[in-house]
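So the sequences go chain by chain: X and A. Residue numbers for the first sequence, in the numbering used here: 382 to 546. Residue numbers for the second sequence, in the numbering used here: 350 to 1175. Glycine included, C-beta positions come from ideal geometry on N, C-alpha and C. Remarks on the structure that follows.
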Amino acid sequence: MGEATPKSLATLLAGQDLSRRTGILELPVKSLGLEGDFAVGLNVGHGDICRWKVDRVQAGRTRIGLRWDGIVSDLESITADLSIPGYCIWISNVDVLLAGIPHSDRSRFWEFMRIAFRPPRGLLLSMPEKATHILSSEERALWLEYGRLSIWKSDERGSGNGGKQ
Amino acid sequence: MSGGAVMAENNDLRGVTSQMTPMIQDFVGTSSGAEFRNDVQLAQYRSNHNLELARDFIFTRKAAPGRKSSIDLLKYLNEAFMPGSPPNRFVFIATYGHGKSHFAVALANYFGKAEETPEFKGVLERVNHAAESAPLIGFFEAFKRNHKPFLIIILRGDEPSDLQTKFFRAVEEALQFDSLTTPVHAPFWYSDAQRFVESILSDSRERQDKANAFLGKFDLDLALLLERVAKQDASTYEITRELYLHLNLFLPDFGTGVGLKEGVEWLGNNLVGENKPYGGVLILFDEFSSFVWDYSLQIRHRPGAPLQDLLNGVESARGKVAFAALAQRDPELVAKSLLGGDSLQSVLTQLNRLPMPQHYQLHSSLEEVLDAYLTQDCDTWDALMTHPQFRNAIGRANDLTFDIFTSRYQDVLEWDIEHFQEIVTEGCFPLHPSTTALLSSVELEATNNPRSVLGFVHGQLELVSKKEAHYEGRPTWILPISLVDYFREMLGEKPWGDFCDALSQAGGPDTSQGQASVLKAMLLQVSGRVPTRGAYVQVIANFAGLDIERTKEELQALATSGVIRFDSVNRLYTFWPAGKGANKVDQLLSEKLRNKNLNDQIIDSAMKSLRQESLLNNISVAVPWGHPEDWQAEQLLMSRQVFTEESLQAKAVSKMTWGTDGIERSRGLLVWLLAETPEDAAWFRENADIVLSGAFPSQKVPIILMRPEAAEPEFARQLLRLWGLDQFTNSDRAEVGDQQYEAVRQLTIESLRSGQRHLKENAELSVAAPFKARVHALHLSDPEAAMSEVFKMAYSDGPMRWFTQYKLSSTRFRNSTARVAGYGPR
């Protein structure tokens, strides 16, 4: 299917066409951290998984216990959190968590997200461009092939007019 | 359909009130009920949507061959809890978008809710409506009367955890959910483990530090361990036991451990039966295909055989526990698509615990779902149906679709045509009835990118919503070919591949809209295995939204250029297998025909091939004095370049002058004049008689000219192609494919055959001056009848009648002649 625009991908994930409503949005490194602003333009909700995780770790804990299935469970919890609006939610910083688990588990995570995971709402995960150690080229190609990966252009504003229209 | 809305009216500028054609959005809407969302999940059984979902699942009793209706499957599950040893492990299979999860929600409510609850009553009402027969209704009601509510355990394949964690977590969720009405304490491992970890946390600091130091090697601390134990995370079972050993110097038994067989058996033995809280335990496994996919990939890294363990437990608890997996594809196929060798064998051994006879394909009546999803305003519809053209178009599409899909509707579902019209043609408008029928009968293959049926309807409805309900009486339909753009490879990997190849050969993005539509319609016919029963073109026209003549032309053009193949035996067209199209034949043929025109030599050569195909053979002419086969006229083709006085004379000499060489020749000529251009046709009209009389002034030469009224460039083109195809050498044929070559040649012959009929219908007969008066007087337009009269005049000094029943070459004729001459036997 090829590359989708950020807007069309967000619209696809917000709709009910897909049974697996998960997608990836690749961002230039300089745009990382601005996802919340961009999300407004795409008409999607936004959540930062690192902040969400930290907010829920009890004081005094010495371990965070990162596991691939735990990250999936956290993503499911965030998408089920109705305090975040939107038919589709853009979750940023998942790459930070993935960097903390073994390589083989990262593959498991992406495979599961692509084939099995059914979030209650559309789920858009942001990834830094060229982060092949987090999202392998082979896995990335599959997401791209199925039209579930979009690349955020550096001049994009999220209005839907930028990028590849 | 719903009533109430008023058709739009408009006062135009001249003050004349006229009714406007309503737009689709004015009278077609969609049901907003959650029951039609394509993301129904079994987990919603325990959500606020449950009652709504329970009431709205549409049960069906009839099913297509090889499938089971939802009523059948419900009955099998009921029987699993009856005396004897009925099967109690099932796989229910249906592709995405066919209501599998919604069915599972209905099952959960049927078994899990008490008889007096609105959820159960809602399901029962639907069941009774579909079951129809009193004994079947009585069976379901009696079952429910005799059983307490069940414990419903919901497992999910889209949850990232191992099977032990899934199972015990699901058990705990189920027991928690029922805890107000049915308080049960289950002695599973996590209860003891949780109590143990909590006890350390309330113990001395020193003991906590010792525990945390021990847990560090597992990247855990006490708080994290407690969190995971509380979520029934099976991976913490052994860690917790080892922590216990580390602190207390012996290994504990936490409840029943993590054994799934023991877990299931405990549920059956302790919770089900008289004086026990539940009437049974139903394990529903949603997204089972995803589970098998994950399970297969992890088979080498996982100790033991937990699926086998679970299913063994279910098997040993017959009559008390049943297991139903809901899958998009058969689980074995999923495993086979991922694994081989020992790993595959290991998974298959475990999956064998789900006996193959209990793998059922779920039938669903998508038509009824779509009918309920799409709501039309009755008043507007009635008003539209007063428009004769609209009504006729609706009627035609209704009848043709019912005919095409008669085996589904009449034979399997036992619908009559009125019911079909109500549900499909009217109830699913603006979907074309064939679109609905195809959607309901095509098995959409699951891919990583599955698209939903309702997603298609929703998207297409948006596209037409602002269009008028009809254009000049033709309804604004969502045509079947729209399915191709949306579902793409889900229509079947092979047909999709063949279609893409054909589309690319037809010109890719430059393919004309008509040809693209026809190719899409062909894909739907193949993918839906739609029987055409000799009406292939009508079926394709119906799917493509084109008229029959246009469809025929497009099919012929595609076949002629080698994009598709014509099957002359079955009178239908098929795709070439991807990568094996006949366009190579066309490419080589184009090379061979470069700078070639129809000349005498090419025409003669092509004529020989045509005669081998029984085309343009000699005509046997009925004459009073002899046998028709002795009095034959030869048929010839002559182009404008060839048609001269000299060539006509030469033909007459070579074809009709009997010499001493003993070769039999013809007695007359029927010449078909071939006009490649309108100028040629005009030239023939002006000059044919002049050339004829110039060639044979005042001679009675039996020649008839067939003069075209208009140009026949296609016939000329096909004739040239036939000649070109005959120039292919054996190595050429090997290069382009013998089968492909033969298909193109056969198609060319077929085109020439129908072209010859066309020539005959559109040609005017012309004879030499001496014959003109009689032929005109008798109003002869048929060349064979005219030739008979021409022969009578041309051969007026010919032989007397003599044994006209015999051919000259027959033995009887020779014997009779010899007898008369006195040479033969008396």
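Which listed residue (the options) has its alpha carbon closest to that of residue i
i: A:Leu-703; options: A:Glu-1113, A:Arg-438, A:Ser-1103, A:Pro-844; result: A:Arg-438
i: X:Leu-525; options: X:Cys-431, X:Arg-487, X:Ser-464, X:Leu-406; result: X:Leu-406
i: A:Gly-378; options: A:Phe-499, A:Gln-1089, A:Asp-726; result: A:Asp-726
i: A:Gly-894; options: A:Leu-812, A:Pro-782, A:Gly-846, A:Val-879; result: A:Pro-782
i: A:Arg-1066; options: A:Ser-988, A:Lys-1000, A:Lys-1121; result: A:Ser-988
i: X:Ser-507; options: X:Leu-456, X:Leu-413, X:Pro-500; result: X:Leu-413
i: X:Ala-497; options: X:Leu-394, X:Arg-402, X:Pro-387, X:Lys-388; result: X:Arg-402
i: A:Val-641; options: X:Phe-493, X:Leu-504, X:Glu-510; result: X:Phe-493
i: X:Cys-431; options: X:Ser-473, X:Gly-467, X:Gly-528, X:Leu-393; result: X:Ser-473
i: A:His-398; options: A:Ala-455, A:Ile-442, A:Val-440, A:Pro-432; result: A:Ala-455
i: A:Leu-573; options: A:Leu-598, A:Glu-547, A:Glu-555; result: A:Glu-547
i: A:Ser-969; options: A:Phe-1140, A:Ser-540, A:Glu-464; result: A:Phe-1140
i: A:Pro-824; options: A:Asn-741, A:Gln-647, A:Ala-870; result: A:Asn-741
i: A:Ala-519; options: A:Tyr-394, A:Pro-498, A:Lys-470; result: A:Tyr-394
i: A:Tyr-722; options: A:Met-1142, A:Ile-407, A:Ala-1092; result: A:Ile-407
i: A:Ala-1092; options: A:Ser-910, A:Ala-666, A:Asp-1029, A:Leu-1019; result: A:Ser-910
i: A:Ala-457; options: A:Val-972, A:Gln-759, A:Ala-673; result: A:Ala-673
Range of the contiguous beta strand (DSSP E) that encloses residue i
i: X:Ser-407; result: Looking at the sequence shown, residue 407 of chain X is not Ser but Glu. Unbroken beta strand (DSSP E) run through X:Glu-407: 403 to 408.
i: A:Trp-1021; result: 1017 to 1023
i: A:Glu-634; result: Rather than Glu, the amino acid found at residue 634 of chain A in this sequence is Phe. Here the beta strand (DSSP E) through A:Phe-634 covers 630 to 635.
i: A:Thr-379; result: 377 to 379
i: A:Ala-673; result: 670 to 676
i: A:Ser-988; result: 981 to 988
i: A:Leu-620; result: Premise fails: A:Leu-620 lies in the alpha helix (DSSP H), 609 to 620, not in any beta strand (DSSP E).
i: A:Arg-1056; result: 1052 to 1057
i: X:Ile-532; result: 530 to 532
Cβ distance (whole Å) where residue i is taken to contact residue j below 8 Å
i: A:Leu-1069; j: A:Leu-947; result: 6 Å
i: X:Ala-391; j: X:Val-425; result: 5 Å
i: A:Glu-1061; j: A:Leu-1114; result: Their Cβ separation, rounded to whole angstroms, is 16 Å, which puts A:Glu-1061 and A:Leu-1114 out of contact at 8 Å.
i: A:His-819; j: A:Thr-444; result: About 34 Å; that fails the 8 Å criterion.
i: A:Leu-571; j: A:Leu-550; result: 6 Å
i: A:Leu-700; j: A:Leu-787; result: That belief does not hold up - the Cβ atoms of A:Leu-700 and A:Leu-787 are roughly 32 Å apart, past 8 Å.
i: A:Gly-617; j: A:Val-607; result: Wrong, their Cβ atoms sit about 18 Å apart, outside the cutoff.
Amino acids of chain X, ordered along the chain, whose beta-carbon sits closer than 7 Å to that of residue i
i: A:Gly-448; result: Those within 7 Å of A:Gly-448 in chain X number zero; the least Cβ separation is about 13 Å.
i: A:Gly-629; result: Under the 7 Å cutoff, chain X gives no residues; its nearest Cβ is about 28 Å from A:Gly-629.
i: A:Gly-506; result: Ala-497
Residues that residue i contacts on chain X, provided the C-beta gap is smaller than 8 Å
i: A:Ser-639; result: Ile-496, Ala-497
i: A:Asn-561; result: Thr-443
Start and end residues, alpha helix (DSSP H) containing residue i
i: X:Cys-469; result: No alpha helix (DSSP H) holds X:Cys-469; the beta strand (DSSP E) holding it covers 469 to 473.
i: A:Arg-1102; result: 1087 to 1110
i: A:Leu-391; result: It is not in any alpha helix (DSSP H) - A:Leu-391 carries neither H nor E in the DSSP assignment.
i: A:Asp-679; result: Element bounds for A:Asp-679: n/a, residue is neither H nor E.
i: A:Leu-656; result: 655 to 665
i: A:Asp-731; result: 727 to 733
i: A:His-807; result: 802 to 813
i: A:Gln-864; result: 862 to 876
i: A:His-768; result: 766 to 769
i: A:His-1125; result: 1118 to 1126
Contact list for residue i against chain A, beta-carbon separation under 9 Å
i: X:Arg-442; result: Asp-570, Ala-572, Leu-573
i: X:Gly-396; result: Gly-804, His-807, Gly-808
Interface partners of residue i on chain A, CB under 7 Å
i: X:Gly-446; result: Asp-568, Leu-569, Leu-573
i: X:Gly-627; result: Missing from the structure shown is residue 627 of chain X; chain X here goes from 382 to 546 and no further.
i: X:Asp-450; result: Pro-509, Ser-510
Cβ of residue i within 8 Å of any chain B Cβ
i: X:Ser-454; result: Annotation note: the requested chain B is absent from the structure, which comprises protein chains X and A.
Chain-ordered chain A contacts of residue i [CB-CB under 8 Å]
i: X:Trp-493; result: A small fix is needed here, since residue 493 of chain X is Phe in this sequence, not Trp. Here the neighbours are Pro-509, Asp-643.
Contacts that residue i makes with chain X (C-beta to C-beta distance below 9 Å)
i: A:Gln-390; result: Arg-499, Pro-501
query: Unbroken beta strand (DSSP E) runs of length 3 or more, entirely within the segment 440 to 523 of chain A: which are they?
result: The DSSP assignment places complete beta strand (DSSP E) segments of no fewer than 3 residues inside the segment 440 to 523 of chain A at 500 to 505, in order along the chain.
- request: Could you tell me which uninterrupted alpha helix (DSSP H) segments, each at least 4 residues in length, are contained entirely in the segment 483 to 511 of chain X, listed from first to last along the chain?
  value: Counting only runs that start and end inside the segment 483 to 511 of chain X, the alpha helix (DSSP H) elements of at least 4 residues fall at 484 to 496.
task: Output the residue ranges of the alpha helix (DSSP H) runs that lie fully inside the segment 894 to 973 of chain A and measure 4 residues or longer, sorted by chain position.
output: Entirely contained in the segment 894 to 973 of chain A, the alpha helix (DSSP H) runs reaching 4 residues are, in chain order, 897 to 909, 932 to 941, 949 to 961.
Segments of 3+ residues assigned as beta strand (DSSP E) that fall wholly inside the segment 403 to 455 of chain X: With a minimum length of 3 residues, the continuous beta strand (DSSP E) runs that stay inside the segment 403 to 455 of chain X are 403 to 408, 426 to 429.
- request: Note down, one range per segment and in chain order, each alpha helix (DSSP H) of at least 4 residues found wholly within the segment 394 to 425 of chain A.
  value: Those alpha helix (DSSP H) runs which fall completely within the segment 394 to 425 of chain A and span 4+ residues are 399 to 405.
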